[in-house]
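Peer 1: Here you go, one structure.
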Amino acid sequence: MLVLKLACKNVVRYRFRSRVTIGAMAFAGGMMIFYASLLEGWLGAMETNAVAMEMGELQIHAPDYLFDPDLYKLVEDERGVLERAAAAGFSASARLLGGGLAAAHENSTGVSIRGIDAAAEEQVVKLHRHVRSGKWLAPGVTGEVVIGQQLATILGVGPGNEIVLIGQAADGSVANDLFIVRGVLKSVGQGIDRAGVFMDAGDFREFFSLPRGAHEIVLKRNDPSVPLDRATRDMAAGFPDLEVKNWRQLQPTLARLLDLSDVSLVIMLLITYAAVGMLTMNAMLMGVFERIPVFGVMKAVGFSGPRLFGLIFTETLIQVIIATLLAVAGGLPPALYFERRPIDFSFLLRESSTIAGIAFEPQWYCLVTRGSVLLPLACLYAAALLSICYPAAKAALISPVRAIHHT
Amino acid sequence: MQLNILAWRSLSRNRRRTLITGFSIAFGIFLAVTFTGSGDYSYTSMIDTGAMMGQGHVSVAAAGYNARPALSRWLPDPGPAMEAARGQAGVSGVYPRIMGQGMFAAGARNVGAVFLAVDPAREHAGHNFFVRSIVEGELFAEGDGRGAVIGAGMAEKLNLRPGKKVILTVTDRDGQLTSELFRVSGIFRTGDRAADSGFVLLPLDRVRRTLGYGSGGVTFVAVYLDDQRSANGVARELTRGLVSRQDVEVLTWRETQPDLSGLIAVDRLFNYLLQLLVGMIIAAGILNTMLMSVLERRRELGIMMALGMTPAQIVRLVLIESFWLGCLGVAMGIVLTAPWFHYMSQTGIDLSRLIGEEYSAGGVLVDPVMKMRLYRESGAAILAAVFMLTLAAAVYPAFRAGGIMPVDVIKEK
Amino acid sequence: MLLRPCVILRRLLSVLIGAVILLPADHAAAADTAFSVDRERAREILETIDDLWRSTSSAARLRMVVTTAQYTRTLIMEGWTKGKEKSLIKIISPLKERGTVSLKDGNTMYTYLPKTDRVIRLTSGMMMGSWMGSHFTNDDLVKESRLADDYEPALTFEGPRGGEEVIEFELLPKADAPVVWGRIDMVVRAADLLPLSARYYDEDMVLARTLDFQDIREMGGRLLPARLRMVPADKPAESTEMTYLEIEFDIDVPDSLFSLMQLRRM
Numbered sequence: 015m016l017v018l019k020l021a022c023k024n025v026v027r028y029r030f031r032s033r034v035t036i037g038a039m040a041f042a043g044g045m046m047i048f049y050a051s052l053l054e055g056w057l058g059a060m061e062t063n064a065v066a067m068e069m070g071e072l073q074i075h076a077p078d079y080l081f082d083p084d085l086y087k088l089v090e091d092e093r094g095v096l097e098r099a100a101a102a103g104f105s106a107s108a109r110l111l112g113g114g115l116a117a118a119h120e121n122s123t124g125v126s127i128r129g130i131d132a133a134a135e136e137q138v139v140k141l142h143r144h145v146r147s148g149k150w151l152a153p154g155v156t157g158e159v160v161i162g163q164q165l166a167t168i169l170g171v172g173p174g175n176e177i178v179l180i181g182q183a184a185d186g187s188v189a190n191d192l193f194i195v196r197g198v199l200k201s202v203g204q205g206i207d208r209a210g211v212f213m214d215a216g217d218f219r220e221f222f223s224l225p226r227g228a229h230e231i232v233l234k235r236n237d238p239s240v241p242l243d244r245a246t247r248d249m250a251a252g253f254p255d256l257e258v259k260n261w262r263q264l265q266p267t268l269a270r271l272l273d274l275s276d277v278s279l280v281i282m283l284l285i286t287y288a289a290v291g292m293l294t295m296n297a298m299l300m301g302v303f304e305r306i307p308v309f310g311v312m313k314a315v316g317f318s319g320p321r322l323f324g325l326i327f328t329e330t331l332i333q334v335i336i337a338t339l340l341a342v343a344g345g346l347p348p349a350l351y352f353e354r355r356p357i358d359f360s361f362l363l364r365e366s367s368t369i370a371g372i373a374f375e376p377q378w379y380c381l382v383t384r385g386s387v388l389l390p391l392a393c394l395y396a397a398a399l400l401s402i403c404y405p406a407a408k409a410a411l412i413s414p415v416r417a418i419h420h421t
Numbered sequence: 331m332q333l334n335i336l337a338w339r340s341l342s343r344n345r346r347r348t349l350i351t352g353f354s355i356a357f358g359i360f361l362a363v364t365f366t367g368s369g370d371y372s373y374t375s376m377i378d379t380g381a382m383m384g385q386g387h388v389s390v391a392a393a394g395y396n397a398r399p400a401l402s403r404w405l406p407d408p409g410p411a412m413e414a415a416r417g418q419a420g421v422s423g424v425y426p427r428i429m430g431q432g433m434f435a436a437g438a439r440n441v442g443a444v445f446l447a448v449d450p451a452r453e454h455a456g457h458n459f460f461v462r463s464i465v466e467g468e469l470f471a472e473g474d475g476r477g478a479v480i481g482a483g484m485a486e487k488l489n490l491r492p493g494k495k496v497i498l499t500v501t502d503r504d505g506q507l508t509s510e511l512f513r514v515s516g517i518f519r520t521g522d523r524a525a526d527s528g529f530v531l532l533p534l535d536r537v538r539r540t541l542g543y544g545s546g547g548v549t550f551v552a553v554y555l556d557d558q559r560s561a562n563g564v565a566r567e568l569t570r571g572l573v574s575r576q577d578v579e580v581l582t583w584r585e586t587q588p589d590l591s592g593l594i595a596v597d598r599l600f601n602y603l604l605q606l607l608v609g610m611i612i613a614a615g616i617l618n619t620m621l622m623s624v625l626e627r628r629r630e631l632g633i634m635m636a637l638g639m640t641p642a643q644i645v646r647l648v649l650i651e652s653f654w655l656g657c658l659g660v661a662m663g664i665v666l667t668a669p670w671f672h673y674m675s676q677t678g679i680d681l682s683r684l685i686g687e688e689y690s691a692g693g694v695l696v697d698p699v700m701k702m703r704l705y706r707e708s709g710a711a712i713l714a715a716v717f718m719l720t721l722a723a724a725v726y727p728a729f730r731a732g733g734i735m736p737v738d739v740i741k742e743k
Numbered sequence: 005m006l007l008r009p010c011v012i013l014r015r016l017l018s019v020l021i022g023a024v025i026l027l028p029a030d031h032a033a034a035a036d037t038a039f040s041v042d043r044e045r046a047r048e049i050l051e052t053i054d055d056l057w058r059s060t061s062s063a064a065r066l067r068m069v070v071t072t073a074q075y076t077r078t079l080i081m082e083g084w085t086k087g088k089e090k091s092l093i094k095i096i097s098p099l100k101e102r103g104t105v106s107l108k109d110g111n112t113m114y115t116y117l118p119k120t121d122r123v124i125r126l127t128s129g130m131m132m133g134s135w136m137g138s139h140f141t142n143d144d145l146v147k148e149s150r151l152a153d154d155y156e157p158a159l160t161f162e163g164p165r166g167g168e169e170v171i172e173f174e175l176l177p178k179a180d181a182p183v184v185w186g187r188i189d190m191v192v193r194a195a196d197l198l199p200l201s202a203r204y205y206d207e208d209m210v211l212a213r214t215l216d217f218q219d220i221r222e223m224g225g226r227l228l229p230a231r232l233r234m235v236p237a238d239k240p241a242e243s244t245e246m247t248y249l250e251i252e253f254d255i256d257v258p259d260s261l262f263s264l265m266q267l268r269r270m
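Protein chains in written order, with the numbering used here: chain A, 15 to 421; chain B, 331 to 743; chain C, 5 to 270.
In structure tokens form, the structure reads like this:
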């Protein structure tokens, strides 16, 4: 108890020095909380755009569909699959996919037509949030389509305009119909940007004369803590006649890329932590070494080595505690603020662009997680308490006479 | 002079503290060089690769081509543009080219692809990524011949080998359908799936005839530069030179590859943000050091003032100390960074095992070897930033020291 | 998979009409000349076929039956041709597709879709798509089909096959001819040079598809195979069968019939 009291007294007594040390640590900690939240947000956005945008976590297809897509390779009993997936703890949505040609004015181009259930789709992926102009599909809206942004440019159309879609229906007839463009998407990846045409599943069935079945069932875990691999295995076991794949299996390059950017972000964090650690160590070393004469006197009046060590350690602990409180007070509010309002760097980037098939948007959100707050703080503690060991030990071991003359 | 000596004395008196602070500056320099250096290298290599995929660092195209590329938008006479481009300083290559889309068929199979028509007599592997990536056969020799260089993926899809024929069906400049036979002369493999399965090099004169472009027509003139950073300047000069011609537009890689441009901008922002953050933390360390140093010399400084030193001189003393601390940090930084930088600029780290072969960003292949290069201005910026931060961090301690009242301090103990 | 629009089909028309005209009876005499396995002669026969094919106008009513693993569909169509450049096909039934028209004028192809009241111009990307869900591609109909221009013929066999005297040709594409095939084997009847079959090979000489000409009889005053049957080599169970129900030759077809304006009015 005496040690604690003394430590408190020292912290207060060397007010200026304490303030400088605490200030440095608090600044570093606050910055780290903010920065870690920014990186979390970045990573989250990557994953979201890569996976949650359109691909979904798991996909179910008829065997061989992925290798050689064909209008006739259907998941026959899509309702049954949807029900069983829901019972197994997934949100699920069935999609119909077909190829065709879109024409407007004098322009025409090949498109990939996707029939979806707007209500179910929103539960599984986030495409509906990425409409640039006009509106996303809604349940019950028929005769309207939402198209990719480059496609809109190629065809020279926008919301409210007509486009003609032509394709080959399942019965061999020429599928053709007029649709009104309801919305144009933001950039979400090359495939959709250039060729994506989304319509209501009912419209798709009528257009392609395909009354039953679906080409793709997209799933999302309701409980994200269930490991992806296990979820995939479970579903694959449940549907032995179908092909069940998770997004990592569907897009191995993308998965690798995300892993890599995970690694590189961790490296960046480590580097900043190292800088923080160095700063903390510097402050601590100075705080102790410059008081070695004082410690010498204390030793001379009967303070034992271990107690002195404990004293310095306790002083540091008090400072770190105060610093972490300040760091949270300083770093958390801006992180929380930018969690709601994104940092906008649209001046650098056109609407959005893609890297390795992942769309990037010029708005950057912070994401405050347990890790983004606790990790910087833990790092602060570790750096401070580790770096204090050396000077504290030195102070504890030094002989009183030498200490008093120590400069 | 006097102040310099005093400053050094104070720095050398507390050697440990000085070294720790110096080391933190050195560490900052190390990081800044690493991040800026890998950025400078990879941006340049991405931009150069992007340029090598067809349109060059700067291109001159028919007005409106960039917004909606089509074979109906073409330049009948690229001569003046090519002349103007050749006359620019720092231009390493000027190529007339045609780029468009068509269907390529062999037997009952077919695939849609982008073609780039080039003049084989001029084409240089250093300015053409596909020529450089040929793994089988070779580039066709005649501009009006029927050779074609296709990607490995397409060769597989259409079951083609060198010597085999492939039929191009394309809409010509007037919108008429027309077909032409080509024979595979070479196969390239870039590692990018999209390019390997959907890109074809064709001979320029033959394609001109197919499309009805006359003897000199092109869709654009691709201009290659020694240094991608001069793209804006060259584009400006070209625009000025071609100002009389309303029918052309001069584009830089930023316009022809907006995805790449945006990506680099974001990555650079990311990079700067990290460096700024580390810089601020290091600056906080310097501030801390200087404050401590001032604090512990209160008496000494007080006495100095009592002996007639003005507060301004005290302020200057602390700033000079900080300056020398910065110099020390830079020296340590150079010692720490030079071997690393040398290794990274010569050899680099091969990341291909980590990211795999097929990695493209913003539509451009990325070299899986991480290397570094540092532009002169980047190096200067890092040094300037180090000194600015060091001095800025010392401002507060300096004024604090300058504000010490001599009598109060001497009495203090 | 992506692009399967329907458009007018020059080659299909050409093949059809070609079959129709492939040799009217009065030209049968050409086959009587000496049987030397002679390049020159093969060439002459091919030229004769090409020429006949070009200079005619016709109006026909036909039925197309497409059988695939997924569907069987039957279309009734009406078609007109004039010279080599102009042709037009219109669907009469089923009701759902009634009024769909394919037009070729020179090198340009259009499709008129009554449901959307739109005329679509064929672009290069759609060339390899299936025509009307059949095993013919748009390209089959669009491509220049003057065989003598693109192919070097050689007689490979003359004599009896299956109880009939036939002549077999081997057509090898000329070095620069923009055709996708590596070889076409054609069989014609020796008596009147009417075609019996054509087999298409890719450049590796792997069979890609077979076109059979069946049911030779007199229609519209000429002897012709009334039925064509296309079988893709990789799906032998599938086929497209085209049958003439009626045909008239050398009738007066106005040029205006083949105009864009006319498309919507049909």
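The C-beta atom is built at its ideal place from N, Cα and C for all residues, glycine as well.
#1: Along the beta strand (DSSP E) that carries G516/B, what are the first and last residues, could you check?
#2: How long is the line joining the alpha carbons of L381/A and D589/B, rounded to whole angstroms?
#3: By DSSP's criteria, I350/B is part of a beta bridge. Which residues make up the other side?
#4: Output the boundary residues of the beta strand (DSSP E) element that contains S62/C.
#5: How long is the line joining the alpha carbons of I350/B and E453/B, rounded to whole angstroms?
#6: Using 8 Å as the limit for Cβ to Cβ distance, is E510/B near chain C?
#7: Which residue's Cα is closest to the Cα of L96/A: E54/A, I206/A, H75/A?
#8: Go ahead and label K23/A buried or exposed: buried means 16 or more other beta carbons lie within 10 angstroms of its beta carbon, across all protein chains shown.
#9: Roughly how many angstroms lie between the CA atoms of S545/B and E220/A, to the nearest whole one?
#10: Please look up how many angstroms separate the CB atoms of I517/B and E472/B, rounded, as I've assumed it's under 8 Å.
#11: On the DSSP letters alone, give me the boundaries of the beta strand (DSSP E) that M234/C sits inside.
#12: Please report the Cβ distance between M292/A and F357/B, rounded to the nearest whole angstrom; I am assuming they are in contact, meaning their Cβ atoms lie under 8 Å.
#13: Which whole runs of the beta strand (DSSP E) in the segment 119-144 of chain A are 3 residues long or more, in chain order?
#14: For L566/B, name the three-state secondary structure that DSSP assigns.
#15: Can you grab the Cα-Cα spacing for the pair S201/A / D504/B, in whole Å?
#16: Using a Cβ cut-off of 8 Å (strictly closer), state whether E424/A contacts chain B.
#17: Check whether chain C comes within 8 Å of D191/A, counting only Cβ atoms and requiring the distance to be less than that.
#18: Do the segment 97-104 of chain C and the segment 392-401 of chain B touch if we need at least three Cβ pairs shorter than 8 Å?
#19: With DSSP run on the structure shown, which of helix, strand or coil describes R339/B?
#20: Can the beta-carbon of H457/B be found less than 8 Å from the beta-carbon of M383/B?
#21: For H454/B, name the three-state secondary structure that DSSP assigns.
#22: Ignore the nearest five residues each way along the sequence and tell me which others in G162/A's own chain have a CB closer than 7 Å to its CB.
#23: Can you give, in chain order, each stretch of the alpha helix (DSSP H) that sits fully within the segment 583-665 of chain B and has at least 4 residues?
#24: Is there a C-beta anywhere in chain A that falls below 8 Å from the one on Y116/C?
#25: In this structure, how does DSSP classify Y86/A when only helix, strand and coil are distinguished?
#26: What is the residue span of the beta strand (DSSP E) that F434/B lies within?
#27: Compute the distance between the beta-carbons of V240/A and L72/A, then report whether it is under 8 Å.
#28: Quick check on this structure: which residue in I306/A, M300/A, P356/A has the alpha carbon closest to the alpha carbon of A398/A?
#29: Below 8 Å on the Cβ atoms is my guess for F303/A versus P405/A; work out the distance and round it to an integer in Å.
#30: Just to confirm the assignment, what range does the beta strand (DSSP E) spanning S51/A have?
Peer 2: In brief:
#1: 507-518
#2: 25 Å
#3: DSSP, once it has assigned bridges, lists no residue as partnering I350/B.
#4: 61-71
#5: 56 Å
#6: yes
#7: H75/A
#8: exposed
#9: 50 Å
#10: The Cβ separation is near 19 Å, so there is no contact.
#11: 226-236
#12: 7 Å
#13: 121-130
#14: According to the sequence provided, residue 566/B is Arg. The question's Leu does not apply to it. Correct three-state label for R566/B: helix.
#15: 32 Å
#16: Since the first and last residues shown for chain A are 15 and 421, residue 424/A lies out of range.
#17: yes
#18: no
#19: helix
#20: no
#21: coil
#22: L199, I206, D207, R208, A209, G210
#23: 583-586, 588-626, 628-636
#24: no
#25: coil
#26: 421-436
#27: no
#28: M300/A
#29: 6 Å
#30: Note, S51/A: premise wrong, no beta strand (DSSP E); alpha helix (DSSP H) at 29-61.
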